[in-house]
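One structure below.
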Amino acid sequence: MTQLMNENGIRCDGRRVDQLRNISIKVGVLKNADGSAYIEFGKNKILAGVFGPRDVHPKHMANQDSGILRCRYHMSPFSVTERKNPAPSRREIEISKVIKEALLPAVILKDFPRTVVDVFIEVLQADGGTRCAALDAASIALVDAGIPMRDLVSACAAGKVADQIVLDINNEEDQEGQADMPIAYMPNLGKITLMQLDGILSPSEYKKCVQTGINGCKLVYEMQRKALMDKYFTNEIQ
Ligand code: UDP
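In our numbering, the protein residues as written are 510 to 747.
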């Protein structure tokens, strides 16, 4: 067993309980996608590419009154220590679904009837918290594709490690900690769009965990904004 926290409250990767991992985000990294983003969230490395709005195939999936959103979350075989089978796993199907549902409240697709917006997510390297980091990149890629949005979606996990509520669970903490709670949040609208919980928390720990996660999302939001500003509000057009 790894010691997840030392006597000074410092975590196994050197962070304090309320500290995020280092995050860097780059917007517009793929020339063939309508919108894209690359995120490094600690040791996670994730690409998101958006296509659309474009015609829906198969056609029977089309909605006459609105565009639809589709998401595919995929982990590369080399993204984890044990080679991952490239075929979609149950876990990837579940994560694709929750990512789609976390983005849906933010996107405005009513002006694009009979079309689809596709979000493709490729996890190149995973280290715990990939669904949150993937959501952060996907949300930025949607903006980059020019999809109208009510708000950005910012995501970050909180959890319980060594009996303490901590921000942004890494892989070791995810495997050996007591609880993991991924949260996605629309910071300007103040609405949660994803909340999952793996583990057991008391009612007061639960409240603290939600608040810690939301605080983390607000920090992530500032970095997402900065990444967009860097692309769209500098003189250097890419
Ligand atoms: N993981 C792995 N192999 C897999 C799936 C996941 O090693 O086939 C690792 C990976 O580092 C991932 C972590 O387990 O980030 C936690 O996975 P979880 O299902 O909790 O989702 P996540 O925290 O990445 O959103």
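The beta carbon of each residue, even a glycine, is placed where N, CA and C say it ideally should be.
Within the DSSP bridge table, the entry for Thr624 names Asp564 as partners.
Taking C-beta separations shorter than 8 Å and ignoring five residues to either side along the sequence, the partners of Lys609 in its chain run Leu578, Arg579, Cys580 and Val628, following chain order. Under the DSSP assignment, Asp653 falls in the alpha helix (DSSP H) whose first and last residues are Thr639 to Asp653.
As the crow flies, the alpha-carbon of Asp677 is around 27 Å from that of Pro595. For the pair Gln634 and Lys554, the CB atoms are nearer than the 9 Å cut-off. For Thr702, no alpha helix (DSSP H) encloses it; the enclosing beta strand (DSSP E) starts and ends at Lys700 to Met704. According to the DSSP assignment, Cys521 belongs to no alpha helix (DSSP H), since it is labelled neither H nor E. The three-state secondary structure of Gly537, taken from DSSP, is coil.
DSSP places Leu676 inside the beta strand (DSSP E), whose first and last residues are Gln673 to Leu676.
When beta bridges are read from the DSSP output, Cys580 appears opposite Val628.
Between the segment 658 to 673 and the segment 724 to 739 there are three or more inter-stretch CB-CB distances shorter than 8 Å, so the stretches are counted as touching. Met514 and Met570 have their C-alpha atoms spaced approximately 49 Å apart. Exclusion of the five residues before and after Ile604 leaves Tyr582 and Arg640 as the residues of its chain whose Cβ lies within less than 6 Å of its Cβ. Excluding five sequence positions before and after Asp683, the CB atoms of its chain that fall closer than 7 Å to its own CB belong to Gly637 and Asp689, given in chain order.
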